[in-house]
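Asks:
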Amino acid sequence: MIQKRQPTMSGAEELYERLKFGLLAGFALLMGGVAFLFNSPHEIYEGNLTILASPANLFTDYMALTNVGAALFNVALMTLQALWIVRMADAKINGPVIAGILTIAGFAFFGKNLFNSMPISIGAFAYARVTKVPMHKSLLAALFGTALAPLVSELSFSLGIGQPYGVLLGLGAGFISGFLIPPLAHHFVTFTRGFSLYNVGFTCGIIGTVFISLMRNFGFEIKTANILASGYNGPFSVMLFTLFSGMFLLGLWLNGWSFKGLRRIMRHSGQLSTDYLELGGLGATLINMSFLGFLSTTYILLMGGEINGPVLGGIFTVIGFGAFGKNVKNVLPILIGVTLMGRLNYQDNQSTIVLISALFGTTLAPLAGRYGNIAGIIAGAMHLTLVMNIGYLHGGVNLYNNGFSGGLVASILVPILEAFHLHRANQRALRGPVDPADEVEVEHTK
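Letter by letter, the sequence shown follows residues 3 to 448 of my numbering.
Now the structure itself:
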């Protein structure tokens, strides 16, 4: 349902919006500043030029492709771009929007850049213009839809098509993809019943599969990448734990040095669409996000993994969804399920692909939230099984590969689990999913 516009926000509401915007902008500036601790301005500049003009299929770690400073600076640029898109849509910053912005920030370590993301966002807003719906209704598609950014780079730089035709083809494919995402995502949320948080990731998996199938039919070979950095656990552990500690203390301060609201967040299943800012407040949400950050990073280190671009992408995505459906209680069973399945099928649990399958597999956290820990462990195990074999379909051009797999897992498990769940005493009936796009509100400042 489209929200009616109101004349203005109150002074307190406007201050609240500025605070949220300032925190996200401060995060972007922090990432940009830290970049210069690793590399010189010239190295960062040259690295970003390389990032813009390179294919970006899974797994293209920008820290290995160029340097750490260039990757961090790309994170800063992409975060600021996302904030600019939110401003252009005149939208409030709520839980889904925070998840979208921090997901973009995370994937700016591997796969997303200004060149390959913009045509997708423009396409999503073009859909709103053509169908005469408010711009903010396509905001989440414009943010999360950049999962298909590698498709733009692949067509532009990797198929041997002469320039400027390759770039024009890539930009056109990005625009078409962005245009298709809003209506398809709205439809597919009913397919997963809201139990896969990366709903747009499932949508992008479908679109990416169609594009890659067409390209293969015309004889183009899609090459996957495996460019990964290593040896940065020390500095990034310090950076991440410092960041999460700051978030925790800020959340406590905003919450009056209490954990008020956190219990409500922990008790909720997280099924789409669950805005933790509305449910528990900004302070409790920041505390929840910090807990998830500590948990994710500690998990990687305990498993003996490398903190590289894809892993950082997973950590920041988990943190972002700490405002929108994830909490420690519903995330832990998924991590356990992925880890156990990795042991059972002799996967290397230290490998990046298994580690990020665990982090991104928490898209299924609402399953654990509603059906319990055993169901969450089963979902995590099933997710790893699927995600290890599904990347071929979209050729690595869908960065949210785990969202694609998670959507399939949810669509299979939810009907089965619900059949048993409905026969349990004192259990609430399953509510229908809510499209997160319908939860975005206009800022009302104009």
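The beta-carbon is built from N, C-alpha and C at its ideal position, and this holds for glycine as well. This structure is a prediction, so every number in the text was calculated from the model and none was measured.
(1) Among A412, N69 and I209, whose alpha-carbon lies nearest the alpha-carbon of I46?
(2) In terms of residues, what are the limits of the alpha helix (DSSP H) holding A126?
(3) Would you mind listing the alpha helix (DSSP H) stretches within the segment 318–393 that are 4+ residues and don't spill past its ends, in chain order?
(4) Tell me, which residues are paired with I229 by DSSP?
(5) For the alpha helix (DSSP H) that V202 lies in, which residues bound it at each end?
(6) Would you check if the distance between the CB atom of V442 and the CB atom of L256 is smaller than 8 angstroms?
(7) Excluding sequence positions up to five away, which residues of its chain have a Cβ less than 6 angstroms from the Cβ of M3?
(8) List the residues that DSSP assigns as beta-bridge partners of A91.
(9) Just to confirm my understanding: we take R266, look at its own chain, exclude 5 residues before and 5 after, and list those with CB closer than 8 angstroms. What are they?
(10) Closer than 8 angstroms is the cut-off here; do at least three beta carbon pairs connect the segment 227–237 with the segment 173–190?
(11) Output the distance between the C-alpha atoms of F213 and M343, rounded to the nearest integer angstrom.
(12) Tell me whether A55 sits in a helix, a strand or coil according to DSSP, three-state version.
(13) Does DSSP put P136 in a helix, a strand or coil?
(14) Just tell me which of P43, A149, S298 and I95 has its CA closest to the CA of M120.
(15) On the three-pair Cβ rule with 8 angstroms, is the segment 87–94 touching the segment 39–57?
(16) Quick one: is F422 buried, meaning 16 or more other Cβ sit within 10 Å of its Cβ, or exposed?
(17) Going by DSSP in three states, Q83 sits in which element: helix, strand or coil?
(18) To the nearest angstrom, report how far apart G322 and L54 are at their CA atoms.
(19) For the pair the segment 309–328 and the segment 351–370, tell me if three or more CB-CB distances fall below 8 angstroms.
(20) Assuming F362 contacts V330 (C-beta within less than 8 angstroms), just tell me the rounded distance between them.
(21) So, with DSSP's three-state summary, where would you put F29?
(22) Suppose contacts are defined by Cβ-Cβ distances below 8 angstroms. Is F318 in contact with G108 by that definition?
(23) My understanding is that T354 touches L153, with C-beta atoms under 8 angstroms, so please give their C-beta distance in whole angstroms.
(24) Under 8 angstroms Cβ to Cβ from I452, same chain only, skipping five residues before and after it: list those, please.
(25) Rounded C-beta distance between R1 and I209? I'm assuming under 8 angstroms.
(26) With P152 as the anchor, note down where its alpha helix (DSSP H) starts and where it stops.
(27) For D1, count neighbouring Cβ atoms within 10 angstroms of its own Cβ and tell me buried if that reaches 16, exposed if not.
(28) Short of 6 angstroms in beta carbon distance, which residues of its chain neighbour M384, apart from the five on each side in sequence? Order them along the chain.
(29) How would you write the range of the alpha helix (DSSP H) that E280 sits in, first residue to last?
(30) Please list the terminal residues of the continuous alpha helix (DSSP H) segment that includes M268.
(31) So, using beta-carbon positions, are G203 and Y373 closer together than 8 angstroms?
(32) Which residue wins for smallest C-alpha separation from L245, given the options S260, S413 and A30?
(33) Residues in its own chain within less than 6 angstroms of R426 by CB, not counting five upstream and five downstream?
(34) Using the three-state DSSP reduction, which class does L161 fall into: helix, strand or coil?
(35) Kindly indicate the opening and closing residues of the alpha helix (DSSP H) around I183.
Replies: Walking through what the data contain:
(1) Numbered from 1 along the sequence shown, position 44 holds the residue referred to as residue 46. The shortest C-alpha separation from I46 is found at N69.
(2) Numbered from 1 along the sequence shown, position 124 holds the residue referred to as residue 126. Here the alpha helix (DSSP H) through A126 covers L116 to T133.
(3) Whole alpha helix (DSSP H) segments, 4+ residues: 330–346, 354–362 and 367–373.
(4) For the purposes of this step, residue 229 is taken as the residue at position 227 of the sequence shown. T62.
(5) Along the sequence shown, one-based indexing puts residue 202 at 200. Its alpha helix (DSSP H) spans residues N201 to N219.
(6) Numbered from its first residue, the sequence shown carries residue 442 at position 440. Numbered from its first residue, the sequence shown carries residue 256 at position 254. Contact flag unset, no.
(7) For the purposes of this step, residue 3 is identified with residue 1 of the sequence shown, where counting begins at 1. Confidence at M3 is low in this model, with a pLDDT of 35, below 50, so its placement is unreliable and the value that follows should be read with caution. Spatial neighbours of M3 in its own chain (CB-CB distance under 6 angstroms, excluding positions within 5 residues in sequence) are not present.
(8) Counted from its first residue, the sequence shown places residue 91 at position 89. Paired residues: none, contrary to the question.
(9) Locating residue 266 in the sequence shown gives position 264, counting from the first residue. Excluding sequence positions up to five before and after R266, its CB lies within less than 8 angstroms of the CB of L281, G282 and A286, all in the same chain and listed in chain order.
(10) Because the criterion of three Cβ pairs below 8 angstroms is not met, the segment 227–237 and the segment 173–190 do not touch.
(11) Counted from its first residue, the sequence shown places residue 213 at position 211. Counted from its first residue, the sequence shown places residue 343 at position 341. Cα-Cα distance, rounded: 31 angstroms.
(12) Start at 1 with the first residue of the sequence shown, and residue 55 comes out as number 53. Coil at A55, not helix or strand.
(13) Counting from one through the sequence shown, the residue named residue 136 turns up at place 134. The three-state secondary structure of P136, taken from DSSP, is coil.
(14) As a position in the sequence shown, residue 120 is number 118, starting the count at 1. Closest in alpha carbon position to M120, among P43, A149, S298 and I95, is A149.
(15) Contact between the segment 87–94 and the segment 39–57 is absent, with fewer than three C-beta pairs closer than 8 angstroms.
(16) The residue labelled residue 422 in the question sits at position 420 within the sequence shown. Its Cβ having fewer than 16 others within 10 Å, F422 is exposed.
(17) In the sequence shown, the residue the question calls residue 83 occupies position 81. The answer is helix: DSSP assigns Q83 an H, G or I state.
(18) The residue labelled residue 322 in the question sits at position 320 within the sequence shown. The residue labelled residue 54 in the question sits at position 52 within the sequence shown. One C-alpha to the other measures close to 25 angstroms.
(19) A contact exists between the segment 309–328 and the segment 351–370.
(20) Against the sequence shown, residue 362 aligns to sequence position 360. Against the sequence shown, residue 330 aligns to sequence position 328. F362 to V330, Cβ: 17 angstroms. No contact.
(21) Taking the sequence shown and counting its residues from 1, one reaches residue 29 at position 27. Correct three-state label for F29: helix.
(22) Within the sequence shown, numbered from 1, the residue matching residue 318 stands at position 316. Within the sequence shown, numbered from 1, the residue matching residue 108 stands at position 106. With a cutoff of 8 angstroms on beta-carbon distance, F318 and G108 are scored as near each other.
(23) In the sequence shown, counting from the first residue as 1, residue 354 sits at position 352. In the sequence shown, counting from the first residue as 1, residue 153 sits at position 151. No, T354 and L153 are not in contact; Cβ-Cβ is about 22 angstroms, not under 8 angstroms.
(24) Limits of the chain in this structure are 3 at one end and 448 at the other, which puts residue 452 out of reach.
(25) Absent from the structure is residue 1, since the part of the chain shown begins at 3 and ends at 448.
(26) In the sequence shown, the residue the question calls residue 152 occupies position 150. That run of the alpha helix (DSSP H) goes A151 to S155.
(27) Residue 1 lies beyond the range of the chain shown here (3 to 448); nothing can be said about it.
(28) In the sequence shown, the residue the question calls residue 384 occupies position 382. Answer for M384: V411, listed in chain order.
(29) In the sequence shown, the residue the question calls residue 280 occupies position 278. Y278 to G282 is the span of the alpha helix (DSSP H), which, as asked, contains E280.
(30) Position 266 of the sequence shown, counting from 1, holds the residue named residue 268. Taken as a continuous stretch (DSSP letters only), the alpha helix (DSSP H) holding M268 covers L264 to R269.
(31) Taking the first residue of the sequence shown as position 1, residue 203 is located at position 201. Taking the first residue of the sequence shown as position 1, residue 373 is located at position 371. Taking a C-beta distance under 8 angstroms as the contact criterion, G203 and Y373 do not qualify as a contact pair.
(32) The sequence position of residue 245 within the sequence shown is 243, counting from 1. The residue with the shortest Cα to Cα distance from L245 is A30.
(33) As a first step, residue 426 is located in the sequence shown; it is residue number 424 there, counting from the start. Unreliable placement is indicated for R426, whose pLDDT of 46 sits below 50; no coordinate value is reported for it.
(34) As a first step, residue 161 must be located in the sequence shown, where it is residue number 159. Of the three classes helix, strand and coil, the one that applies to L161 here is coil, per DSSP.
(35) In the sequence shown, counting from the first residue as 1, residue 183 sits at position 181. Per DSSP, the continuous alpha helix (DSSP H) segment holding I183 begins and ends at Y167 to F193.
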